[in-house]
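Protein chains in written order, with this note's numbering: chain A, 215 to 418; chain B, 31 to 348.
All C-beta atoms, glycine included, are put in the ideal place defined by N, C-alpha and C.
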Amino acid sequence: METVSVANQPWPEALSEKTLIRAAQRQDHDAFEQLVRRYDRSVLRVALHLLRSEEDARDAYQEIFLRTYRSLNSFRFQCSFHTWLYRVATNVCLDFLRRKRAHRDRWTAAGTSAEGLGPLDTASDDRASSNPDSLLACRDTAGRIAKALELLTPKERMVFELKHYEGLRLRVIGDRLAISEEAAKNGLFRAHRKLRAALKDVPR
Amino acid sequence: MSCESIQSQISLYLYDELGSVETEALEAHVESCGACSRALAEEREFFAAMSELPSAEPSHALVAECRHDLMREVYRTAPEPSTAWTRFTRWFSGETENQFAWRPALVVASLALAFVVGRTTSSDFSGLFTDVEEPSLEGPMTSFPSEPLLSGIESIALDPRRNRVEIVVEEVSRRRFAGHPHDPQIHDLLLSTARNSPNSSARLDSLDILTGRVDELDVRRTLLHSMVRDRNPGVRLKALEALRRQKDDPEVRRALIDVLRRDPNSGMRVYAIDLLTEQPDRKLVGVLQELVETEGHEYVRLRSRRVLQDLNASVDRF
Ligand SMILES: [Zn+2]
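Listed below in structure tokens is the structure:
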């Protein structure tokens, strides 16, 4: 008795998303993989850009899609699947940013050199990355920007990322972060102010 | 509008988040105000600077590897995909929660069948059925008093007009065996259950107990059989994981190549190619060239191509 598997008959590209979700909810792994394939590249791109580490992005990818997979049965088609998926993705990335920040603060508070920074950067300030020296220490512009971005709180960072690099509307960003559009706008303003201040004196 | 309020809107303007009225007002003001025009230019410069952070477009290989890790985890945590057919077979072998009035009979029947098969393919257990009260872990195999039970299902006929089902069953007795897993008879029963039980949970459980003894020839043969032939991907995966440490054995490698070329489950093929290419040898070249052309799974295809390149072999078949 052979098991007939849909793996042998790839889902037609045009197959409705609803059909795929329903199948995935019935534990059809091939249907789930098709859903993953529709969105995972863009999810991974954001994670990679946001976390600036391939290893973290990989871990975030796993957590995002496993969480999606495990809670798939609670998806009730009240919003579009991608809205739902990106909400999960945003939450997971936010957690990663918070953990990263907590980790960094612990290390810098302990007087240990934070990752990638020389002893000068951590010398006196307990928030190493707020020291403009750490920005100057980075030779290339990209490195300086990356360091400046670390000054933002995880939420500001997220708003800025989704606005500046992903080009989303503030309304959508608010929805993903479960905050009002106004709050998203304020987060964006704060992010801008901090970034401009941090990058102002840096020779370009 | 004041310069201050105009300048507070510049970033929103560049992000295209202003309404049409505000946009027009801002553009008109900036044209006639030097300070605000400079502020706009600076903001533009800031936007350009921020965009110098390189975009992080993930490589094909990274995406493929992430998908592979994910699907491996998905298959590992929930081994059996559900299609109409597997749902039916699962229901038939009693693995579903659906409560049909006569389903419990089928469940025990399929469990019992495993032992019936075990009995006919290995030694005769009749001499062992002595009454022993307490099963002991170290002692010899014990059996428990038997009870009548349905065994084989001869036929199932449905009369749709009267909505009646007629099932012809064979009745035998159920027996429980207990003993140390190393006891020869228990061992035989486990092997035979792994190969022949119609119940995939029973096959999985048997393999679970057997995996520690992969060095024994009959265990390894059974694992190879399950890895290549079992119809349930979860069982095949379990066997593959048990054989992982023996991946350099020629017989295991041949079976892994079989999996790689024929298994319908992409998770299995991904696992097989990973094991086979940890230490790639030239014998794989032909198979990998075939996969580059025919394999439907992106990761397997990319991995084949990469290993061929590492082996300095042509990616195309001759
Ligand atoms: Zn002005």
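Identity of the residue in the options nearest residue i by Cα
{"i": "T233(A)", "options": "F295(A), L376(A), F374(A), E277(A)", "result": "F295(A)"}
{"i": "D245(B)", "options": "N262(B), D260(B), S227(B), L273(B)", "result": "L273(B)"}
{"i": "G297(B)", "options": "R97(B), A343(B), R225(B)", "result": "R97(B)"}
{"i": "R68(B)", "options": "L254(B), R335(B), L83(B), Q37(B)", "result": "Q37(B)"}
{"i": "L249(A)", "options": "N400(A), E231(A), L365(A), V257(A)", "result": "E231(A)"}
{"i": "C293(A)", "options": "A412(A), L384(A), D389(A), T367(A)", "result": "D389(A)"}
{"i": "R74(B)", "options": "R283(B), T107(B), L44(B)", "result": "L44(B)"}
{"i": "M257(B)", "options": "V337(B), R299(B), D278(B)", "result": "R299(B)"}
{"i": "P263(B)", "options": "I287(B), C66(B), R102(B), I197(B)", "result": "R102(B)"}
{"i": "D260(B)", "options": "R275(B), S222(B), L247(B), R283(B)", "result": "S222(B)"}
{"i": "R266(A)", "options": "F403(A), R284(A), I278(A), I359(A)", "result": "I359(A)"}
{"i": "D46(B)", "options": "H317(A), A397(A), E277(A), R383(A)", "result": "R383(A)"}
{"i": "R284(A)", "options": "E269(A), T297(A), F246(A), R255(A)", "result": "F246(A)"}
{"i": "E308(B)", "options": "E325(B), A94(B), R336(B), S85(B)", "result": "R336(B)"}
{"i": "A79(B)", "options": "L363(A), D319(A), L280(A)", "result": "L363(A)"}
{"i": "R6(B)", "options": "E271(B), T107(B), P228(B)", "result": "Lying outside 31 to 348, the shown extent of chain B, residue 6(B) is not represented and no answer is given."}
{"i": "L240(B)", "options": "H217(B), R192(B), V195(B), P88(B)", "result": "H217(B)"}
{"i": "V377(A)", "options": "S81(B), L306(B), E72(B), Q215(B)", "result": "The amino acid at residue 377(A) is misidentified as Val; the sequence shows Lys. Closest by alpha carbon: S81(B)."}
{"i": "Y329(B)", "options": "D304(B), A94(B), S32(B)", "result": "A94(B)"}
{"i": "Y275(A)", "options": "F289(A), V257(A), R240(A)", "result": "V257(A)"}
{"i": "R291(B)", "options": "P310(B), Q276(B), S334(B)", "result": "S334(B)"}
Three-state class that DSSP yields for residue i in the structure shown
{"i": "D293(B)", "result": "coil"}
{"i": "R404(A)", "result": "helix"}
{"i": "E47(B)", "result": "coil"}
{"i": "G242(B)", "result": "helix"}
{"i": "S89(B)", "result": "coil"}
{"i": "A343(B)", "result": "coil"}
{"i": "I393(A)", "result": "coil"}
{"i": "L366(A)", "result": "coil"}
{"i": "L83(B)", "result": "coil"}
{"i": "R240(A)", "result": "coil"}
{"i": "L188(B)", "result": "strand"}
{"i": "R331(B)", "result": "helix"}
{"i": "G196(B)", "result": "First, the amino acid is wrong: residue 196(B) is Glu here, not Gly. E196(B) falls in the strand class under three-state DSSP."}
{"i": "F291(A)", "result": "coil"}
{"i": "R341(A)", "result": "Its pLDDT being 39, under 50, R341(A) is placed unreliably by the model, and the measurement read from it follows with that caveat. If DSSP states are grouped into helix, strand and coil, R341(A) belongs with coil."}
CB contact below 8 Å: residue i versus chain E
{"i": "R390(A)", "result": "Here chain E cannot be found, since the structure's protein chains are A and B."}
Expected contact under 8 Å - CB spacing of residue i and residue j to nearest Å
{"i": "V317(B)", "j": "A302(B)", "result": "Going by Cβ atoms, the distance from V317(B) to A302(B) rounds to 10 Å, so no, they are not a contact pair."}
{"i": "R407(A)", "j": "F76(B)", "result": "The Cβ separation is near 11 Å, so there is no contact."}
{"i": "K268(B)", "j": "L237(B)", "result": "5 Å"}
{"i": "H90(B)", "j": "L332(B)", "result": "7 Å"}
{"i": "V373(A)", "j": "A405(A)", "result": "6 Å"}
{"i": "R266(B)", "j": "D293(B)", "result": "7 Å"}
{"i": "L311(A)", "j": "R272(A)", "result": "Contact flag wrong, Cβ pair sits at about 16 Å."}
{"i": "R284(B)", "j": "H255(B)", "result": "Contact flag wrong, Cβ pair sits at about 13 Å."}
{"i": "T282(A)", "j": "L299(A)", "result": "6 Å"}
Discussion item. With a threshold of 8 Å, are at least 3 pairs of Cβ atoms found where one atom belongs to the segment 387-395 of chain A and the other to the segment 57-68 of chain B?
Written reply: no
Practice prompt. Would you be able to state if there are at least three C-beta pairs under 8 Å between the segment 207-218 of chain B and the segment 227-235 of chain B?
Written response: no
Item to complete: Inspect the CB distances between the segment 297-317 of chain A and the segment 256-267 of chain A and report whether three or more fall short of 8 Å.
Response: yes
Practice prompt. Kindly provide the chain-ordered list of residues whose Cβ lies closer than 6 Å to any non-hydrogen atom of ligand 1.
Written response: C33(B), I36(B), H59(B), C63(B), A65(B), C66(B)
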